[in-house]
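Residue numbers (my numbering), protein chains in the order written: chain E, 1 to 276; chain D, 277 to 552; chain Z, 553 to 828.
All residues carry an ideal CB built from backbone N, CA and C; glycine is no exception.
Quick caveat, the model's predicted, so the values are computed rather than measured.
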Amino acid sequence: MEYRGKNVTISEGCRIGENVVLEDNVYIDYNCIIRDNVTIKEGTTIGANCIIGEYTADWFAEHKSENAPLTIGKNSIIRSGSIIYSGNQIGDNFQTGHQVTIREKSIIGNNVSVGTLSDIQGNCHIGSYVRMHSNVHIGQLSQVDSFTWIYPYVVLTNDPTPPSDRFVGVHVKPFAVVATGALVMPGIEIGQDSLVAAGAIVTKNVDDYAVVAGNPGKKISDVRNIKSHFSDESVYPWREHFENYMPWLGKTFGEWYTGLSDEEKKDLNIENIAFE
Amino acid sequence: MEYRGKNVTISEGCRIGENVVLEDNVYIDYNCIIRDNVTIKEGTTIGANCIIGEYTADWFAEHKSENAPLTIGKNSIIRSGSIIYSGNQIGDNFQTGHQVTIREKSIIGNNVSVGTLSDIQGNCHIGSYVRMHSNVHIGQLSQVDSFTWIYPYVVLTNDPTPPSDRFVGVHVKPFAVVATGALVMPGIEIGQDSLVAAGAIVTKNVDDYAVVAGNPGKKISDVRNIKSHFSDESVYPWREHFENYMPWLGKTFGEWYTGLSDEEKKDLNIENIAFE
Amino acid sequence: MEYRGKNVTISEGCRIGENVVLEDNVYIDYNCIIRDNVTIKEGTTIGANCIIGEYTADWFAEHKSENAPLTIGKNSIIRSGSIIYSGNQIGDNFQTGHQVTIREKSIIGNNVSVGTLSDIQGNCHIGSYVRMHSNVHIGQLSQVDSFTWIYPYVVLTNDPTPPSDRFVGVHVKPFAVVATGALVMPGIEIGQDSLVAAGAIVTKNVDDYAVVAGNPGKKISDVRNIKSHFSDESVYPWREHFENYMPWLGKTFGEWYTGLSDEEKKDLNIENIAFE
């Protein structure tokens with residue numbers, strides 16, 4: 001099925017494959033390549049020079065293959081130079097920086113942001129309201145839960161004894177923050193509301209609310225002990241102190257949470273958290 | 277105003293916006309996108325597939341906005357695949373590697389070089405004769421003074437308690453060297469003529485002439501104690517021993533410095549340094 | 553000489569220079585730029601938006617120069633957005649990820665793989681069956697021997713006292729593994745069959761079979777002591793336990809090695825290794 005909604009813009013130099021669905025108000029900037037079987041939902045903008053629905057390895061044998069479907073949700077912004085593979089399912093309000101690569105077979109929730117030069121390696125499960133900054137590397141099989149923050153040059157690894165072909169993904173739990181340049185070893189669980197400090201090499205599971213730093217990473221504190229850089233106020237759990245980009249914008253986290261249905265909590269994978 | 281100087285080359289596949297000024301001997305290689313309100317000064321080369329004057333976030337709401345002016349100084353070389361936002365002011369003899377991203381609202385002096393895959397996040401102030409190698413990440417609000425060297429995978433961070441919306445930039449002072457993979461915490465001052473060793477996690481201000489290494493970074497020496505890898509000679513302060521790319525090429529640093537006017541020293545932000 | 557073999561595909565939007573040889577079954581996807589004096593051997597695929605035979609610095613003075621020859625071996629796959637300079641010699645079955653940069657004057661053997669966003673800086677000597685993952689930075693003058701593994705965000709540096717103009721390359725010996733985020737200091741030798749742990753800052757030569765970790769990196773074990781994450785089995789030397797992508801696929805390393813001629817061993821730079 002090929003479909004063009006109302007007010008779709010396809011700029012000069014674009015190459016559009018077969019079975020491409022472009023819903024209302026989709027805007028595609030110069031020189032984009034949209035491969036076969038791509039659905040771009042309403043109001044989404046694709047920046048210049050992007051490749052959407054990029055071929056997986058199968059294609060290279062004979063330069064043809066049935067491209068697995070790719071869906072990009074509504075009101076998303078894919079910035080210029082990004083490459084998104086076929087075979088991903090991406091929610092609404094997705095945003096990327098430039099030159100981002102998203103490999104195949106990942107599921108990405110709503111309101112996720114992935115910064116410039118970041119590389120999601122495929123077979124990942126990313127929740128909603130996940131904020132990844134520039135140049136992060138999310139290894140295959142990673143599970144990054146909703147309401148998590150991943151800062152520049154963080155790597156989530158997956159091979160316990162490289163090289164091997166038995167990968168175990170990292171699991172970043174809700175509200176965790178992984179700061180710049182931290183490396184997380186395969187199979188590690190980063191606990192809910194924890195903070196991995198910049199440059200930490202994380203070799204053991206991180207407790208809920210723990211602060212882990214160093215090489216090898218050690219628990220050095222509890223996030224609830226951290227004061228603001230500017231005052232004597234506590235600033236963690238961050239959800240009590242920060243609302244930008246978050247669904248509780250304009251109210252407190254608690255007010256928002258109280259209003260959620262059980263199904264909504266489950267969708268966000270936060271149904272089992274006893275918030276303090 | 278649209279203007280084309282003498283001997284301007286615009287190669288096939290380029291898309292040129294409105295109010296674009298291309299001075300004499302500007303050369304634009306294949307498939308470049310030059311957005312509105314861009315001025316490229318004489319003798320500058322733009323490599324293939326670059327996007328110059330890229331849209332800021334405002335544009336995405338309605339796919340139109342008044343693009344803030346961008347100026348790239350004369351005799352610059354922007355290598356292929358780079359993306360430079362609107363709203364920057366960039367000096368002469370600027371060079372980039374490939375796939376560089378320079379976000380909006382930065383001021384960049386003369387004779388600055390930024391390596392392949394580097395990412396300058398915007399709202400930065402970069403001096404002159406700054407040499408950034410590949411894949412550096414310069415966070416918003418960073419101040420990188422003249423005659424500094426930033427090596428691969430260095431990150432200058434800006435958020436003391438992530439996530440927050442109160443950023444404090446790093447300040448790298450003249451003649452400092454930040455070696456490969458060093459991470460510098462928000463608000464840190466890297467002292468004049470200091471050396472941050474490879475892989476250091478810098479959590480405290482770095483004294484002038486100090487050598488800082490480790491995680492967390494500690495002062496381990498004075499740069500004046502460092503000998504060459506090849507002989508018993510001192511090699512720091514580097515300005516006394518290295519002249520490539522520098523304005524004192526062919527003479528000593530001292531000879532060059534003595535010949536500067538007060539205004540020239542002030543422009544380079546080195547008017548208050550008591551050189552030993 | 554310009555030559556087109558049988559069944560060559562040049563997709564829309566490509567720009568092909570002079571003296572370009574495209575052998576049988578070469579496939580070039582959309583919008584590629586192939587500069588002068590490039591030879592692409594049979595069965596190789598060039599993904600979209602690649603620049604092959606990119607200009608070196610000489611070109612920028614007058615926007616012309618004699619492009620040094622570039623050869624890419626047969627059955628290679630260059631993924632979209634990659635930039636490969638003129639003046640390289642690259643073997644068969646070469647593979648890159650996306651947005652890879654390979655600078656000039658390197659020699660790369662057969663069956664080498666270089667991941668997304670990796671940056672090989674030029675004047676390097678890369679053996680055969682080398683597997684580099686995403687986002688590695690291989691400094692000028694590096695020697696990376698056959699059967700080595702380089703994981704994401706590894707940097708091989710080359711300047712002992714930055715800034716200088718006297719580089720000394722790193723040497724990674726056969727069967728060594730350099731794990732994620734390790735930084736290797738200039739001139740270091742990484743011993744045969746050794747394992748550099750994730751995040752290690754390597755400041756001293758690494759012994760054969762050693763495990764080195766930490767900042768600064770210290771020998772913490774012998775690879776032969778490492779057990780599998782999943783069982784009590786030894787997993788190193790990895791060549792005895794892993795065969796994917798390797799020429800001994802379907803047999804043991806020993807069986808394969810025994811069948812090699814002296815010349816074949818020499819080509820792989822493993823003629824002097826006494827395998828245990």
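Under 8 Å by Cβ, that's how I've got residue i and residue j pegged, so tell me the actual separation to the nearest angstrom.
i	j	result
R587 of chain Z	I604 of chain Z	7 Å
T608 of chain Z	E570 of chain Z	In fact, because the Cβ distance is near 17 Å, the residues do not count as touching under 8 Å.
S686 of chain Z	P704 of chain Z	5 Å
Y637 of chain Z	E606 of chain Z	5 Å
Q651 of chain Z	Q192 of chain E	So it is not a contact: roughly 34 Å between Cβ atoms.
G281 of chain D	E299 of chain D	4 Å
G855 of chain Z	S698 of chain Z	Lying outside 553 to 828, the shown extent of chain Z, residue 855 of chain Z is not represented and no answer is given.
G181 of chain E	G169 of chain E	Not confirmed; about 20 Å, so no contact.
G217 of chain E	T203 of chain E	6 Å
K489 of chain D	A473 of chain D	Lys is not the amino acid found at residue 489 of chain D; the sequence shown has Ala there. Contact holds; Cβ gap of about 4 Å.
I654 of chain Z	I672 of chain Z	5 Å
S746 of chain Z	V758 of chain Z	5 Å
Q95 of chain E	S113 of chain E	4 Å
V724 of chain Z	V696 of chain Z	5 Å
K616 of chain Z	D644 of chain Z	That pair is no contact at about 32 Å.
How far does the beta strand (DSSP E) with residue i in it extend, from its first residue to its last?
i	result
T392 of chain D	Per DSSP, T392 of chain D belongs to no beta strand (DSSP E) and is neither H nor E.
E54 of chain E	I51 to E54
A486 of chain D	A486 to A489
T347 of chain D	L346 to I348
I822 of chain Z	Per DSSP, I822 of chain Z belongs to no beta strand (DSSP E) and is neither H nor E.
T596 of chain Z	T596 of chain Z -> no beta strand (DSSP E), and no H or E assigned at all.
T315 of chain D	V314 to I316
Which two residues bound the contiguous alpha helix (DSSP H) that contains residue i?
i	result
D814 of chain Z	D814 to D819
T278 of chain E	Summary: the structure shown does not reach residue 278 of chain E, with chain E confined to residues 1 through 276, and so no result is reported for it.
W59 of chain E	W59 to E62
What do you reckon, is the C-beta of residue i under 6 Å from a heavy atom of the ligand ATP?
i	result
C290 of chain D	Looking for the ligand ATP in the displayed structure turns up nothing, as the structure carries no ligands at all.
Is the region 35 to 49 of chain E in contact with the region 612 to 624 of chain Z, if contact means three or more CB pairs nearer than 8 Å?
-> no
Per the contact definition of three or more C-beta pairs closer than 8 Å, is the region 218 to 226 of chain E in contact with the region 497 to 508 of chain D?
-> no
Just checking, does the region 514 to 524 of chain D make contact with the region 706 to 719 of chain Z on the three C-beta pairs under 8 Å criterion?
-> They touch, by the three-pair rule.
Using a beta-carbon distance cut-off of less than 8 Å, what residues from the region 632 to 655 of chain Z approach chain D?
-> The residues in question are G633, I635, Q651 and T653.
At what residue ranges does the region 629 to 701 of chain Z contain a whole run of the beta strand (DSSP E), taking only runs of 3 or more?
-> 635 to 637
Segment contact, 8 Å Cβ cut-off, at least three pairs: the region 689 to 703 of chain Z with the region 111 to 126 of chain E | no
Pull out every residue of the region 494 to 514 of chain D whose Cβ sits closer than 7 Å to any Cβ of chain Z, in chain order.
-> I502, S504, H505, F506, V511 and W514
At which residue ranges does the region 443 to 511 of chain D contain complete beta strand (DSSP E) runs of 3 or more residues, listed in the order of the chain?
-> 486 to 489 and 494 to 498
Contact set between the region 426 to 444 of chain D and chain E, restricted to residues whose Cβ is under 9 Å from the partner | Y429, V431, T433, D435, P436, T437, P438, P439, S440, D441, R442 and V444
Positions along the region 604 to 627 of chain Z whose CB lies within less than 7 Å of some CB in chain D | E606, F612 and H615
Taking a Cβ distance cut-off of 8 Å, strictly less, list which residues of the region 8 to 32 of chain E are near chain Z, in chain order.
-> G13, R15 and N31
Listed from N- to C-terminal order along the chain, which residues in the region 668 to 690 of chain Z have their beta-carbon within a distance smaller than 7 Å of any beta-carbon of chain D?
-> L669, D671 and H689
Which residues, in chain order, does the region 791 to 815 of chain Z contribute to contact with chain E at a C-beta distance below 7 Å?
-> F794 and N796
Identify each residue in the region 194 to 210 of chain E for which the Cβ-Cβ distance to at least one residue of chain Z is less than 7 Å, and report them in chain order.
-> Identification of residues in the region 194 to 210 of chain E having a C-beta nearer than 7 Å to some C-beta of chain Z yields I201, given in sequence order.
When Cβ atoms are compared, which residues of the region 728 to 741 of chain Z fall closer than 8 Å to chain E?
-> Along the region 728 to 741 of chain Z, going in chain order, the ones with a CB nearer than 8 Å to a CB of chain E are V729, A731, T732 and G733.
Using a Cβ cut-off of 7 Å, which residues of the region 589 to 601 of chain Z contact any Cβ in chain E, in chain order?
-> T597, A600 and N601
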